[in-house]
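Notes for the one structure printed next.
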Amino acid sequence: MAVDVVTFGCRLNTYESEVMKREADAAGLGALENGAIIFNTCAVTSEAVRQARQAIRKARRDNPQARIIVTGCAAQTGADEFAAMDEVDLVLGNEEKLKSNSYRMLPDFGVNQFEKVRVNDIMEVRETASHMVDAIEGRVRAFVQVQNGCDHRCTFCIIPYGRGNSRSVPMGGVIEQVKRLVGNGYNEVVLTGVDMTSYGPDLPGSLRLGKLVKTVLSQVPDLKRLRLSSIDSIEADDDLMEALATETRLMPHLHLSLQSGDNMILKRMKRRHLRENSIEFCENVRKIRPDIVFGADIIAGFPTETDAMFENSIGIVEECGLTHLHVFPFSPREGTPAARMPQVNRQIVKARAARLRAAGEAAYRSHLDRLVGTNQRILVEREGLGRTEGFTLVGLNGGAPGEIIERPISGHDGDRLLAADSDRHAA
Numbered sequence: 230m231a232v233d234v235v236t237f238g239c240r241l242n243t244y245e246s247e248v249m250k251r252e253a254d255a256a257g258l259g260a261l262e263n264g265a266i267i268f269n270t271c272a273v274t275s276e277a278v279r280q281a282r283q284a285i286r287k288a289r290r291d292n293p294q295a296r297i298i299v300t301g302c303a304a305q306t307g308a309d310e311f312a313a314m315d316e317v318d319l320v321l322g323n324e325e326k327l328k329s330n331s332y333r334m335l336p337d338f339g340v341n342q343f344e345k346v347r348v349n350d351i352m353e354v355r356e357t358a359s360h361m362v363d364a365i366e367g368r369v370r371a372f373v374q375v376q377n378g379c380d381h382r383c384t385f386c387i388i389p390y391g392r393g394n395s396r397s398v399p400m401g402g403v404i405e406q407v408k409r410l411v412g413n414g415y416n417e418v419v420l421t422g423v424d425m426t427s428y429g430p431d432l433p434g435s436l437r438l439g440k441l442v443k444t445v446l447s448q449v450p451d452l453k454r455l456r457l458s459s460i461d462s463i464e465a466d467d468d469l470m471e472a473l474a475t476e477t478r479l480m481p482h483l484h485l486s487l488q489s490g491d492n493m494i495l496k497r498m499k500r501r502h503l504r505e506n507s508i509e510f511c512e513n514v515r516k517i518r519p520d521i522v523f524g525a526d527i528i529a530g531f532p533t534e535t536d537a538m539f540e541n542s543i544g545i546v547e548e549c550g551l552t553h554l555h556v557f558p559f560s561p562r563e564g565t566p567a568a569r570m571p572q573v574n575r576q577i578v579k580a581r582a583a584r585l586r587a588a589g590e591a592a593y594r595s596h597l598d599r600l601v602g603t604n605q606r607i608l609v610e611r612e613g614l615g616r617t618e619g620f621t622l623v624g625l626n627g628g629a630p631g632e633i634i635e636r637p638i639s640g641h642d643g644d645r646l647l648a649a650d651s652d653r654h655a656a
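Taking this note's numbering, the leading residue of the sequence shown gets 230, the next gets one more, and so forth.
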């Protein structure tokens with residue numbers, strides 16, 4: 230039976246799940262008579278952890294004899310809680326999950342919870358090796374890890390304790406991985422990491438993310454589309470700005486880790502930017518790349534947030550010109566400073582999140598309006614659906630998954646653009 234990997238959370242987890250599947254197969258898990266299920270979990274919110282535990286229980290009910298392994302950020306930060314679940318056979322840390330030896334000696338059924346845990350101190354990890362993959366199962370765009378971990382300690386975030394301190398993949402490994410994926414037919418590659426704009430300082434030479442982007446585009450000329458996952462705009466370097474201005478193969482879409490539009494809340498979050506920095510960054514990028522599309526993460530109802538503070542977050546949607554909004558109702562994570570701060574009433578948190586989502590939906594509809602009548606280059610994701618270079622969803626006819634086609638936009642339905650039929654294929 231094949232090893233089944235269930236992935237929660239970020240693009241980095243999606244990439245690592247391909248590595249895990251290969252390493253688990255190499256360790257012989259695929260030969261187990263009743264199969265094995267690996268859960269690659271997320272810890273970014275309490276809800277993400279709850280969903281993982283729910284999925285584990287369901288998997289055990291549906292597969293009573295399968296071996297169940299739990300790993301990922303939730304396992305790294307809460308190993309004992311997962312080990313205490315009767316449904317779980319083994320708990321692996323974020324470093325251990327990428328090594329075949331970790332999967333070779335599954336403990337016997339019925340062992341105590343302490344024998345189930347193989348989780349080391351992630352803070353002791355100092356390097357991130359490049360793990361080569363040939364494909365990302367079920368995806369028409371490939372993800373490539375360039376960085377892991379985070380040196381910052383935002384008061385709401387538990388991820389540094391799941392991922393460790395920041396460490397970069399050597400540039401040569403990144404380029405080799407991109408070449409391999411392009412050689413296997415991928416037209417679009419997404420560079421990803423936990424804190425991607427911190428790339429480079431731990432490597433020899435004066436490397437930053439912008440230098441990596443320029444080098445990938447230079448060394449892999451057959452790559453048609455390079456995309457960046459979430460970035461921290463305060464760390465955007467000059468080379469990255471120049472690449473955005475001059476490299477048409479670098480996609481005009483940036484997802485920003487804003488978190489709030491209020492300066493006092495940003496300070497209490499221990500963020501390193503002010504609302505003015507975010508607005509200035511968006512204005513500067515729009516000057517050099519007029520077709521840029523911005524997305525952002527914003528938290529609603531952070532502890533101590535007043536109505537006036539929240540209005541600053543509502544206002545920044547328009548002031549930054551945000552289009553793709555990811556709204557998170559504040560969810561206290563045990564062990565973080567924010568969990569000990571005065572909390573906002575849960576009903577108020579939910580109401581603020583709803584208002585933010587409504588503001589985001591209105592901004593998105595305006596964005597769709599502006600694109601009607603334009604021609605768009607679209608990466609076909611599956612039959613009837615694709616995404617533009619600005620990552621906007623498009624309904625269309627024709628085109629094979631993974632193919633880039635060019636189509637005129639005839640309208641939209643409020644959720645996606647609608648492409649007119651055409652036989653034009655993008656170069």
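Each residue gets a CB set at the ideal place from its N, CA and C atoms; glycine is no exception. Only a predicted model underlies this, so the values are computations on that prediction, with no experimental measurement involved.
Checklist entry - Taking the alpha carbon of residue 526 as the point to measure from, which residue in 499, 558 and 370 has its own alpha carbon closest? => result Closest by alpha carbon: 558.
Checklist entry - What do you get for residue 242, buried or exposed, if any count of 16 or more other CB atoms within 10 angstroms of its CB means buried? => result Residue 242 should be labelled buried.
Item to check | Local Cβ density within 10 Å of residue 380, reported as buried at 16 or more and exposed below that | outcome: In this structure residue 380 is exposed. Its beta-carbon is surrounded by fewer than 16 other beta-carbon atoms within 10 angstroms.
Checklist entry - Less than 8 Å separating the beta-carbons of residue 319 and residue 249? => result No, they are not a contact pair.
Item to check | Cβ pair residue 440, residue 468 closer than 8 Å | outcome: Yes, Cβ-Cβ distance for residue 440 and residue 468 is below 8 Å.
Next on the checklist: Output needed for residue 325: all residues of its chain with C-beta closer than 6 Å, excluding positions within five of it in sequence on either side, in chain order.
Outcome noted: So the qualifying residues of the chain are 331 and 347.
Checklist entry - Among 442, 502 and 497, which residue has its Cα nearest to the Cα of residue 473? => result Of the listed residues, the one whose Cα sits closest to residue 473 is 442.
Item to check | Reference residue 398; option with closest CA among 383, 639, 377 and 626 | outcome: Shortest Cα-Cα distance from residue 398 to any of 383, 639, 377 and 626 involves 377.
Next on the checklist: Can you tell me whether residue 343 is buried or exposed? The criterion is at least 16 other CB atoms within 10 Å of its CB, across all chains shown.
Outcome noted: With a pLDDT of only 48 at residue 343, under the threshold of 50, the placement of this residue in the model should not be trusted, and no figure is reported.
Next on the checklist: At the level of alpha carbons, what is the spacing between residue 495 and residue 466?
Outcome noted: Residue 466 has its alpha-carbon roughly 22 Å from the corresponding atom of residue 495.
Checklist entry - Does DSSP put residue 635 in a helix, in a strand, or in coil? => result Residue 635 falls in the strand class under three-state DSSP.
Checklist entry - Is the beta carbon of residue 419 less than 8 Å from the beta carbon of residue 372? => result Yes, they are a contact pair.
Item to check | Simplified DSSP assignment, three categories, for residue 272 | outcome: Assignment of residue 272 by DSSP, reduced to helix, strand and coil, places it in the coil class.
Next on the checklist: So for residue 283, helix, strand or coil by DSSP?
Outcome noted: Helix at residue 283.
Checklist entry - Going by alpha carbons, who is nearest to residue 237 out of 255, 282 and 258? => result Minimum Cα distance to residue 237 is reached at 282.
Item to check | 8 Å contact criterion, which residue 608 and residue 416 should meet: CB distance rounded | outcome: About 6 Å separates the beta carbon of residue 608 from that of residue 416, a gap short enough to meet the 8 Å contact definition.
Next on the checklist: Tell me which residues share the same chain as residue 289 and place their Cβ nearer than 7 Å to its Cβ, disregarding the 5 neighbours each side in the sequence.
Outcome noted: The beta carbon of residue 289 sits closer than 7 Å to the beta carbons of 297 and 316 from its chain, once the five residues preceding and following it are set aside; these are given in chain order.
Checklist entry - Do residue 470 and residue 517 come within 8 Å of each other at the CB atom, strictly closer than that value? => result A distance below 8 Å separates the beta carbons of residue 517 and residue 470.
Item to check | DSSP beta-bridge partners of residue 376 | outcome: For residue 376, which the question treats as bridged, DSSP gives the partners 397.
Item to check | Beta-carbon spacing of residue 614, residue 627 below 8 Å | outcome: Taking 8 Å as the Cβ cut-off, residue 614 and residue 627 do not qualify as a contacting pair.
Next on the checklist: Let me confirm a value: residue 389 is counted as buried when at least 16 other C-beta atoms fall within 10 Å, else exposed. Which label applies?
Outcome noted: The residue is buried, with at least 16 neighbouring Cβ atoms inside 10 Å.
Next on the checklist: Quick check on this structure: which residue in 588, 430, 534 and 592 has the alpha carbon closest to the alpha carbon of residue 577?
Outcome noted: Taking residue 577 as reference, the option from 588, 430, 534 and 592 with the minimal CA-CA separation is 534.
Next on the checklist: Tell me the rounded alpha-carbon separation between residue 293 and residue 629.
Outcome noted: The alpha-carbon of residue 293 is positioned some 39 Å away from that of residue 629.
Checklist entry - Where does residue 233 sit, in a helix, a strand or coil, going by DSSP? => result DSSP, reduced to helix, strand and coil, places residue 233 within a strand of the structure shown.
Checklist entry - From this set, 621, 504, 582 and 573, which residue's C-alpha is nearest residue 643's C-alpha? => result For residue 643, the nearest C-alpha among the options comes from 621.
Checklist entry - Looking only at its own chain, which residues have a Cβ that is under 6 Å from the Cβ of residue 233, when we skip the five neighbours before and after it? => result If we look at residue 233 and ignore the five residues flanking it on each side, its Cβ neighbours are 266.
Next on the checklist: With a threshold of 8 Å on Cβ separation, who are the neighbours of residue 585 within its own chain once the five nearest residues in sequence on each side are excluded?
Outcome noted: Counting only Cβ-Cβ distances below 8 Å, and skipping sequence neighbours, we find 527, 529, 542, 543, 546, 554 and 556.
Next on the checklist: Can you check which of these residues, 239, 287, 268 and 370, is closest to residue 616 by C-alpha distance?
Outcome noted: Minimum Cα-Cα distance from residue 616 among the listed residues 239, 287, 268 and 370 corresponds to 370.
Checklist entry - Under a Cβ-count criterion, where at least 16 other Cβ atoms within 10 Å of its own Cβ denotes burial, should residue 323 be classed as buried or exposed? => result Around the C-beta of residue 323, 16 or more other C-beta atoms lie within 10 Å, and the residue is accordingly described as buried.
Checklist entry - Can you tell me where the beta strand (DSSP E) with residue 526 in it begins and where it stops? => result Note, residue 526: beta strand (DSSP E), 522–529.
Checklist entry - Taking the C-alpha atoms as reference points, what is the distance between residue 437 and residue 571? => result Rounded to whole angstroms, the gap between the alpha carbons of residue 437 and residue 571 is 38 Å.
Checklist entry - Which parts of the segment 529–579 are runs of the alpha helix (DSSP H), unbroken and 4 residues or longer, counting only runs that do not cross its ends? => result List check, alpha helix (DSSP H) in window: 536–549.
Item to check | Rounded C-alpha distance that separates residue 435 from residue 650 | outcome: Taking the CA atoms as reference points, residue 435 sits about 48 Å from residue 650.
Next on the checklist: One question on the structure: do residue 667 and residue 508 come within less than 8 Å of each other, judged by their Cβ atoms?
Outcome noted: The structure shown does not extend to residue 667, since the chain is modelled only from 230 to 656, so the question has no answer here.
Next on the checklist: On the criterion of 16 or more Cβ atoms from any shown chain inside 10 Å, does residue 313 qualify as buried, or is it exposed?
Outcome noted: Residue environment for residue 313: exposed (fewer than 16 other C-beta atoms within 10 angstroms of its C-beta).
Checklist entry - By a C-beta neighbour count over all protein chains shown, 10 Å radius and 16 as the cutoff for buried, is residue 403 buried or exposed? => result Under this definition residue 403 is a buried residue.
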